[in-house]
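Student: The structure that follows is given in the form of structure tokens.
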Amino acid sequence: MRKRWIRAAAAGAGLLGCTAALAPAAQAQPKSAHVLLLSVDGLHQADLDWYVAKHPQSALASLVRQGTDYDHASTPVPSDSFPGMVAQVTGGNPATTGVYYDDTYDTALLPAGTTTCAGAKPGAEVDYTEDLDRDKTAIDAGQGLPGLPAGVLGMTGMPRSLLNPAALPVDPKTCKPVYPYQDLKVNTVFEVAHAAGLRTAWSDKHPAYDILNGPSGTGIDDLFTPEINSNAPAGGDWSTDNASTRTYDGYKVKAVLNEIDGLDHSGTRQAGTPAVFGMNFQSVSTAQKLPASDGKQGGYLADGTPGPLLTDTLGWLDQQVGAMTAELRTRHLADDTTIVLSAKHGQSPTRPSALTRIDDGPLLDGLNSAWRAAHPGSGDLVAHAVDDDAMLLWLTDRSPAATEFAKTYLLARSGTGNDINGAPKPFVHSGLTTVYAGPDAARYFRVAPGDSRVPDIMGVAQYGIVYTGGQKKIAEHGGAAADDRAVPIVVDGPGVHHGTVTTSVETTQIAPTILAALGLDPTALRAVQLEHTAVLP
32 MRKRWIRAAA AGAGLLGCTA ALAPAAQAQP KSAHVLLLSV DGLHQADLDW YVAKHPQSAL
92 ASLVRQGTDY DHASTPVPSD SFPGMVAQVT GGNPATTGVY YDDTYDTALL PAGTTTCAGA
152 KPGAEVDYTE DLDRDKTAID AGQGLPGLPA GVLGMTGMPR SLLNPAALPV DPKTCKPVYP
212 YQDLKVNTVF EVAHAAGLRT AWSDKHPAYD ILNGPSGTGI DDLFTPEINS NAPAGGDWST
272 DNASTRTYDG YKVKAVLNEI DGLDHSGTRQ AGTPAVFGMN FQSVSTAQKL PASDGKQGGY
332 LADGTPGPLL TDTLGWLDQQ VGAMTAELRT RHLADDTTIV LSAKHGQSPT RPSALTRIDD
392 GPLLDGLNSA WRAAHPGSGD LVAHAVDDDA MLLWLTDRSP AATEFAKTYL LARSGTGNDI
452 NGAPKPFVHS GLTTVYAGPD AARYFRVAPG DSRVPDIMGV AQYGIVYTGG QKKIAEHGGA
512 AADDRAVPIV VDGPGVHHGT VTTSVETTQI APTILAALGL DPTALRAVQL EHTAVLP
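Numbering (the working numbering), first residue to last: 32 to 568.
Dropping the structure here:
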């Protein structure tokens with residue numbers, strides 16, 4: 032559960048990827064004219080294995096059978112959508128990209144709305160979620176299109192224009208808003224391809240995915256970002272029930288099919304099939320997180336295999352992948368296209384009996400209260416918190432004494448949450464196994480202590496812990512659990528080895544692999560240089 036704590040004044044884990052060999056420096060002979068990247072939120076390697084075994088004639092099984100299946104792949108930590116997607120297109124972990132979550136805190140920036148920067152006190156929430164939209168209730172983010180929601184395909188391919196500058200943090204040096212693309216420290220595959228004269232496209236869930244344009248701001252020629260957290264016709268937002276999520280994902284599938292056909296995402300303008308393109312799916316994620324939807328049980332069965340709703344959704348996903356591969360064949364592009372299937376993150380837990388839901392609000396309120404009691408006259412200690420199935424805290428006081436105070440307090444808390452059925456279930460240590468505080472948190476992420484973006488507290492949750500004040504979800508992501516990180520990578524295309532690679536790989540390796548497939552230099556990516564990120568073996 033995400034909570035915002037506004038300041039009174041201003042409102043060792045080896046996580047940096049160190050793969051064995053640097054990608055080749057020279058440009059390779061191109062194997063493909065196109066790379067189609069499909070990122071499926073929540074999809075575990077175990078889910079893919081299970082589905083393929085049950086459906087050997089499926090489109091997903093065909094990808095696995097014809098391509099290379101990397102069955103020990105891991106996402107970055109935190110396993111959130113933003114760092115997970117950024118990893119796939121930059122080759123970097125949060126220490127290199129500067130991206131820890133989609134809603135974080137930066138001690139070097141000024142709060143949104145700051146107009147007089149001289150003398151302003153730094154420290155600001157960096158919120159790159161739907162909160163940035165001109166209108167977050169509308170699927171077109173406030174563009175004002177007719178015929179919504181189906182008319183959303185007419186949405187602009189430059190969604191930066193749909194962001195509200197007044198909601199952005201402010202750079203104290205320029206006194207100007209910091210757009211998502213400006214917050215990313217390293218370049219993207221889209222920028223490298225674009226610089227080589229190639230067309231690029233992508234479809235994702237918020238206009239704030241403008242971050243994927245990279246520091247140049249111009250990496251993606253056609254960025255389609257219908258707002259998933261907008262109002263859906265069935266009530267709630269598009270992730271409230273799985274049928275709505277499939278409808279929502281279907282708009283992005285149509286955009287990709289249009290792009291395969293050589294059109295822009297709207298299907299109204301000839302543009303040429305992009306060299307790098309693809310989309311993110313949300314439907315598997317909601318099928319994992321919702322207790323029930325559309326008359327079916329969500330999540331997993333007691334043995335850890337997909338339950339009825341997730342089984343149905345995996346079948347729907349397979350149909351969409353099948354539609355794309357069929358369209359590639361129809362357009363005679365199949366022999367010239369590399370397909371990469373992966374996920375930004377997994378979801379935890381996959382064993383229903385392990386679930387413990389904890390309301391993190393009282394824990395953080397208690398921490399603030401204890402700090403004020405011990406330090407009369409001081410304000411809250413927590414400046415910003417992001418707690419899904421990990422606890423990431425940014426503090427108003429970054430001193431060793433303050434970070435140790437927070438660590439000690441959290442590890443001493445016990446209480447009662449609720450289980451998969453809503454029955455009371457006790458917890459200890461605030462639901463955490465380990466708390467990295469201050470310099471230890473910086474070392475955990477392999478950045479220098481005092482880095483302006485790194486959390487002051489990184490709390491690794493016990494397996495099955497989900498921080499939420501209600502009972503509307505049975506799984507989450509954002510932490511370091513195996514269920515959060517164990518995602519598939521499947522690569523199928525010209526010159527691709529057919530078989531399974533069982534050695535450990537990282538989703539950061541997707542980025543240099545995309546460039547290598549196109550005959551571009553993987554070391555053109557700054558993160559590849561810094562982390563020595565290798566092309567997938």
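In this text, a Cβ means the ideal position worked out from N, Cα and C, and glycines have one as well. Bear in mind the structure is a predicted one, so any value in this text is a computation, not a measurement.
Looking only at its chain, what residues have a beta carbon closer than 6 angstroms to the beta carbon of alanine 286, apart from the 5 residues adjacent to it on each side?
Tutor: So the qualifying residues of the chain are Ser234, Phe255 and His296.
Student: At which residues does the alpha helix (DSSP H) containing proline 568 begin and terminate?
Tutor: No alpha helix (DSSP H) holds proline 568; DSSP gives it neither H nor E.
Student: From the DSSP output, read off the bridge partner residues of threonine 447.
Tutor: Answer by DSSP bridge pairing, in chain order: Pro457.
Student: Kindly indicate which residue of Asp202, Ser483 and Gly509 has the alpha-carbon position closest to the one of glycine 143.
Tutor: Note that residue 143 corresponds to alanine in the displayed sequence, not to glycine. Nearest C-alpha to alanine 143: Asp202.
Student: Please return the same chain residues whose Cβ sits closer than 7 angstroms to the Cβ of threonine 344, not counting the five positions on each side in sequence.
Tutor: Here the set comprises Asn273, Ser314, Val315 and Ala318.
Student: Which of the three DSSP states is assigned to threonine 317 in this structure?
Tutor: Helix, per DSSP.
Student: Give every residue of the same chain whose Cβ lies closer than 6 angstroms to the Cβ of proline 470, excluding the five residues on either side of it in the sequence, and list them in chain order.
Tutor: Correct list, in chain order: Pro480.
Student: On the DSSP bridge list, what partners appear for glycine 309?
Tutor: In the DSSP output, where bridge partners are listed per residue, glycine 309 has Leu68.
Student: Figure out for me which residue from Asp252, His406, Val223 and Ala513 has the closest Cα to the Cα of methionine 189.
Tutor: The shortest C-alpha separation from methionine 189 is found at Asp252.
Student: Out of curiosity, what's the CA-to-CA distance linking serine 445 and arginine 388?
Tutor: Distance between the alpha carbons of serine 445 and arginine 388 is about 13 angstroms.
Student: Tell me whether proline 109 is buried or exposed, calling it buried when 16 or more other Cβ atoms sit within 10 Å of its Cβ.
Tutor: Classification for proline 109: buried.
Student: Give the DSSP-derived three-state secondary structure of lysine 204 in the structure shown.
Tutor: Of the three classes helix, strand and coil, the one that applies to lysine 204 here is coil, per DSSP.
Student: Candidates Pro264, Ser105 and Glu156: which alpha carbon is nearest glycine 377's?
Tutor: The shortest Cα separation from glycine 377 among Pro264, Ser105 and Glu156 belongs to Ser105.
Student: Excluding five sequence neighbours on each side, which residues of the same chain lie with their C-beta closer than 8 angstroms to the C-beta of proline 568?
Tutor: The residues are Val532, Thr534 and Val536.
Student: Can you give the Cα-Cα distance for threonine 499 and glycine 326, rounded to whole angstroms?
Tutor: So the alpha carbons of these two residues sit roughly 23 angstroms apart.
Student: Once DSSP output is grouped into helix, strand and coil, what is the label at leucine 442?
Tutor: It is helical.
Student: Is DSSP giving aspartate 111 helix, strand or coil here?
Tutor: Correct three-state label for aspartate 111: coil.
Student: Residues bridged to methionine 489 by DSSP?
Tutor: Methionine 489 pairs with Leu423 and Tyr467.
Student: Excluding sequence positions up to five away, which residues of its chain have a Cβ less than 8 angstroms from the Cβ of alanine 90?
Tutor: Contacts found: Asp349, Gln350, Val352, Gly353 and Thr356.
Student: For the stretch 416-433 and the stretch 483-501, state whether three or more C-beta atom pairs, one from each stretch, are separated by less than 8 angstroms.
Tutor: The answer is yes - the stretch 483-501 touches the stretch 416-433, with three or more Cβ pairs under 8 angstroms.
Student: Relative to the alpha-carbon of glycine 397, which residue among Val71, Ala443 and Gly408 has its alpha-carbon at the smallest distance?
Tutor: It is Ala443 whose Cα lies nearest to the Cα of glycine 397.
Student: What first and last residue would you give for the beta strand (DSSP E) that runs through glycine 388?
Tutor: Before going further, note that residue 388 is arginine rather than glycine in the sequence given. Run containing arginine 388: 387-389, per the beta strand (DSSP E) assignment.
Student: DSSP state of leucine 194, grouped into three classes?
Tutor: In the structure shown, leucine 194 sits in a strand (DSSP, three-state: E or B).
Student: Where do the N-terminal and C-terminal ends of the alpha helix (DSSP H) with tyrosine 279 fall, by residue?
Tutor: First-last of the alpha helix (DSSP H) with tyrosine 279: 273-291.
Student: What first and last residue would you give for the alpha helix (DSSP H) that runs through glutamate 562?
Tutor: 557-562 is the span of the alpha helix (DSSP H), which, as asked, contains glutamate 562.
Student: For aspartate 390, tell me which candidate among Pro455, Ala513 and Asn311 has the shortest Cα-Cα distance.
Tutor: The shortest Cα separation from aspartate 390 among Pro455, Ala513 and Asn311 belongs to Pro455.
Student: Rounded to a whole number of angstroms, what is the C-alpha to C-alpha distance between glycine 392 and histidine 460?
Tutor: Each residue's Cα considered, the two are about 15 angstroms apart.
Student: Could you check whether the Cβ of aspartate 450 sits closer than 7 angstroms to any heavy atom belonging to the ligand SAH?
Tutor: Among the components modelled here there is no ligand, and therefore nothing to report on the ligand SAH.
Student: Tell me whether the beta-carbon of threonine 368 lies closer than 8 angstroms to the beta-carbon of histidine 65.
Tutor: Cβ distance < 8 angstroms, so threonine 368 and histidine 65 count as in contact.
Student: Have a look at tyrosine 131 and glutamine 301 and give me their C-alpha separation to the nearest angstrom.
Tutor: Using only the alpha carbons, I get a separation of about 37 angstroms.
Student: For threonine 187, which residues in the same chain have their Cβ closer than 8 angstroms to its Cβ, ignoring the five residues on either side in sequence?
Tutor: Answer for threonine 187: Gln174 and Leu193, listed in chain order.
Student: Thinking C-beta only, is lysine 62 closer than 8 angstroms to glycine 524?
Tutor: Yes, these two residues count as a Cβ contact at 8 angstroms.
Student: So is threonine 539 buried or exposed if we call it buried at 16+ other beta carbons inside 10 Å?
Tutor: Under this definition threonine 539 is a buried residue.
Student: Do leucine 69 and leucine 372 have their CB atoms nearer than 8 angstroms?
Tutor: Yes, the Cβ-Cβ distance between leucine 69 and leucine 372 is below 8 angstroms.
Student: Tell me whether proline 431 is buried or exposed, calling it buried when 16 or more other Cβ atoms sit within 10 Å of its Cβ.
Tutor: Label assigned to proline 431: exposed.
Student: Just list the beta strand (DSSP E) runs in the stretch 317-389, keeping only unbroken ones of 3 residues or longer that don't cross its boundaries, in chain order.
Tutor: Listed in chain order, the complete beta strand (DSSP E) runs (minimum 3 residues) inside the stretch 317-389 are 368-373 and 387-389.
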